[in-house]
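Chains as they are written, first to last, in my numbering: chain H, 1 to 802; chain Z, 1001 to 1288.
The beta-carbon is built from N, C-alpha and C at its ideal position, and this holds for glycine as well.
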Ligand SMILES: Cc1cc2nc3c(=O)[nH]c(=O)nc-3n(C[C@H](O)[C@H](O)[C@H](O)COP(=O)(O)OP(=O)(O)OC[C@H]3O[C@@H](n4cnc5c(N)ncnc54)[C@H](O)[C@@H]3O)c2cc1C
């Protein structure tokens, strides 16, 4: 195991600071916002997947007492611009559909009323005349030239179609001894956070200002874009930071939710709340995720050396294209996994259908490609007759090869993949399980072992939003994060964050980093969040970036504050500012231990605020520093797009080992053990990280066994409640043993990397392999998720020739 | 997800509830645990004009011994079915099935009467009541009657209750000596509704031949199914693996038109029914 730098507070296993207010119910969520005169919203959603709106009769609804506004898409278009879309293609979406609906669940009319009850009563009174259009449901059928068009302004439902070639793929396949090929199917899932999306918008016609309270989680990143949907100048809209009850990627923008509440507020001059309910969220939140068919191929030599990988992707994006192919460009960050693979080809076909659109969900598409690559590696092990562990080890990038540039142009900053693997093996007792497997098979019981090694990219750079478009296309090139640190006259710390709390641990991270920088206790630090009016640059949470970015921002702000503290102390102690040091909450003349050669932080705070004559002559009063930390290691793509530059370089790695028993009669899967070793560089706080890992693995088990957003042949959403969209509960999740391996990043403060998504990115292939391994006597290959009990029973029956 | 307006009554005496039911007729619904009714109202799939909340009625939640068995009040919570000592000792099948219903928070509210009246084809308690030959005591203003479990379930959310009637009590006759029971199910997710569930009772003679076998299933049709032919076929047979395997084969012929939906195809349900019947009978007999 690599040695870790010594820290006092970084890495300490302290309790999460966020928890008390969450557990005691004092944290304020969007739905807690109550304002005088506030109205409530309900949205009428399309019952059809694809239909033209001929006429909407809202007259009866408008008559209902307590109803203030009944807003159709056509009327809304006068107050709103289309919702933000970050794609180059002309796929236009409105908060409320105008001419036609493109998925079952799309908003058609919004009502603002005194209560949500009345608003829903009003929906009952609205009559719509429809012209039904043929639904486009199956993505392969949607690709056919004669398929009905989801967007008539596009020539085809294939909205993006391009082959990216990184390195000499043709030559690598030509020199390969074998090519392992699989068609693999990953199902449409959805983020389904505990708290649905929502917004309270309050427009003041007098001042022309709008206040927004919403659980959008990138407020300082995208508020200015959402303001344009609201047809307001960005500086006239203030987004207040809210506690966010989970996002997993589903709350990055929320243009529709904020647009609807904002439009109704502009029309009424009153505050308006729109909270999605669960059906709104499952059918129309825009947080469906990768829905892919891969024709995947791995070229290798007979001794098991990987040469090249080819991924032909068909991806069902649903009806709109908000983040373009973000779920596929994400794959390019770690397309070769932890292995030396010389070249990569990715053919990407993004297909529009009549479904709620796909955006990003924890893993953002890399979850899928990890599963695909590990499926290929296991298939290669089976075909070559090489043990899967040895095959992986044989191909690992070695610790002395970092930073390692992969064929796509991204970098892996650091890693020790064999070290992670060995740590997992040391904790898994595989010999025991192999023996049990043999013993139990003789009793007609089937247990299996799944082991995978996979990457967890972290800390994205914004170039990934646009580099798939040919030059000269370009876009954002920074993903900054800021922190302000102020020390008050009595020495207390105030840290201000510009990204929201979305369920992770930003307060714990910042308190620990400040404690590290100033050698104070984390409990001395108060933390608050700032609205966009006072906002500093911040991209917010997403892509496992916040721990890295906040650490860097704290370091920067602390350096500024310490610099001033040292100047003040040096001035008072008649010493040189370069000779000052911070120790145990005091500033000392370096090396001296007599307290009279030191000042407490409180002493310095008091001087800085209220004793101007004690400060160096040209110094301003006060003691604070802000710092905006930009991505520490990113580079632009080349014009040919054969080298995408460094865009996701803080590369974590993990090994998961799942041990399962399959009841071959019922198809039910039970976990016997689950071991997870993660390497995300320096660990900031073990328990916060373990929470992320365990929660992620739960979602990984969910996609492996349960979760699937299903649509009927008519395009109806069949999974619009939690009765039919099956999330795992704690009862479905084993007791997961988590271990940390530490290989610090050379590029970040303290050596941290992001660890927010790894659990979900690595667990699915481990679970898949464990089930496949259990079913070895039947010779079954698993190529599709979720692995349902029924699918297992059917596969066994087919294998038995039944 | 908010219901339309409704009138709400919360009587404290059963007689008052019956009068209200008589007055409001088909427009009224009883509110018990609310775990099925309230979500349906929130989604506006049912729109009762009047709710008669029976939660404040005294003496509707109880478990009592009778001369021939036990009597359970309609408002008895699922949690009680799971933990009650009398149920545990006299009718452990009920407790065993109750554990599969939802999660503790759901079981703390949901009631026996509500589950039976709701008549979900995948619910656990209806087949248990079939297998136990339960009698359902039904009251309306001015009269009462008893319906056997076998005659009670008519279809999804359909029972033999008529307008103005409510379930007041469920009576469960004791099992004969030498009886054992078992409930098992397969669901996609722990705590979820069963794809298929099986309640089995086996009564053995002194020579361990089968005196009586009872098999009831959920998840294989519009109502819970009592597999009478399968039961008949095992009478007199030795309680061994061969007999249970034969029962598994037999039960498949009794399942006429199983549902085919998101959570399980018709074929899979028929297959599961066979596997679970064999297992439930095996374990019921092993408990004697
Ligand atoms: C998350 C969740 C998971 C669940 N999982 C399961 C499960 O796995 N298995 C399962 O079986 N159930 C499950 N349920 C349903 C739960 O068990 C319900 O409690 C039960 O089905 C209905 O009982 P209730 O007392 O809540 O009835 P209510 O919801 O109050 O009423 C249901 C219906 O019965 C009628 N009714 C109620 N009491 C009487 C009475 N005394 N006489 C006449 N009519 C009456 C009502 O008018 C209504 O039509 C689940 C519910 C939830 C929310």
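Heavy atom of ligand 1 within 7 angstroms of residue i beta-carbon
i, result
"residue 1124(Z)", "yes"
"residue 1003(Z)", "no"
"residue 725(H)", "no"
"residue 1161(Z)", "yes"
"residue 1062(Z)", "no"
"residue 1038(Z)", "yes"
"residue 1117(Z)", "yes"
"residue 1109(Z)", "yes"
"residue 1120(Z)", "yes"
"residue 1101(Z)", "yes"
"residue 1167(Z)", "yes"
"residue 1029(Z)", "yes"
"residue 1035(Z)", "yes"
"residue 1264(Z)", "no"
"residue 1195(Z)", "no"
Chain-ordered chain H contacts of residue i [CB-CB under 9 angstroms]
i, result
"residue 1004(Z)", "117, 120, 121 and 124"
For residue i, three-class secondary structure by DSSP
i, result
"residue 1099(Z)", "coil"
"residue 3(H)", "Low local confidence applies: a pLDDT of 45 at residue 3(H) is under 50, so the model's placement there is unreliable, and no value is given."
"residue 339(H)", "strand"
"residue 725(H)", "coil"
"residue 244(H)", "coil"
"residue 867(H)", "The shown model of chain H, from 1 to 802, leaves out residue 867(H), and the question about it has no answer."
"residue 372(H)", "helix"
"residue 1284(Z)", "helix"
"residue 1274(Z)", "helix"
"residue 1065(Z)", "strand"
"residue 1214(Z)", "strand"
Chain-ordered neighbours of residue i on chain Z, where CB pairs are closer than 7 angstroms
i, result
"residue 277(H)", "1001"
"residue 46(H)", "Going along chain Z, no residue has its Cβ under 7 angstroms from residue 46(H), so there is no contact; the nearest lies around 17 angstroms."
"residue 793(H)", "1268 and 1271"
"residue 710(H)", "1262"
Residues that residue i contacts on chain Z, provided the C-beta gap is smaller than 8 angstroms
i, result
"residue 718(H)", "1262"
"residue 729(H)", "1103, 1189, 1190 and 1191"
"residue 726(H)", "1188, 1189 and 1192"
"residue 732(H)", "1189 and 1190"
Nearest to residue i (by Cα), restricted to the options the options
i, options, result
"residue 165(H)", "288(H), 36(H), 344(H) and 664(H)", "344(H)"
"residue 659(H)", "779(H), 603(H), 136(H) and 435(H)", "435(H)"
"residue 832(H)", "673(H), 149(H), 753(H) and 76(H)", "Nothing in the structure corresponds to residue 832(H), since chain H is present only between 1 and 802."
"residue 323(H)", "690(H), 368(H) and 88(H)", "88(H)"
"residue 226(H)", "258(H), 126(H), 783(H) and 453(H)", "258(H)"
"residue 252(H)", "717(H), 167(H) and 84(H)", "84(H)"
"residue 803(H)", "637(H), 501(H), 634(H) and 607(H)", "This structure leaves residue 803(H) out entirely; chain H is present only between 1 and 802."
"residue 14(H)", "498(H), 196(H), 507(H) and 485(H)", "507(H)"
"residue 1208(Z)", "1275(Z), 1236(Z) and 1067(Z)", "1236(Z)"
"residue 667(H)", "793(H), 732(H) and 290(H)", "793(H)"
"residue 389(H)", "101(H), 425(H) and 737(H)", "425(H)"
"residue 1006(Z)", "1024(Z), 1068(Z) and 1231(Z)", "1024(Z)"
Neighbour list for residue i in chain H, Cβ cutoff strictly below 7 angstroms
i, result
"residue 1265(Z)", "790"
Residue-chain proximity (residue i, chain C), Cβ-Cβ < 8 angstroms
i, result
"residue 665(H)", "The structure shown contains no chain C; its protein chains are H and Z."
Per-residue contacts from residue i into chain H (C-beta, under 8 angstroms)
i, result
"residue 1275(Z)", "665 and 666"
Interface partners of residue i on chain Z, CB under 9 angstroms
i, result
"residue 264(H)", "Within chain Z, no residue comes near residue 264(H); the closest Cβ sits about 17 angstroms away, beyond 9 angstroms."
"residue 706(H)", "1188 and 1189"
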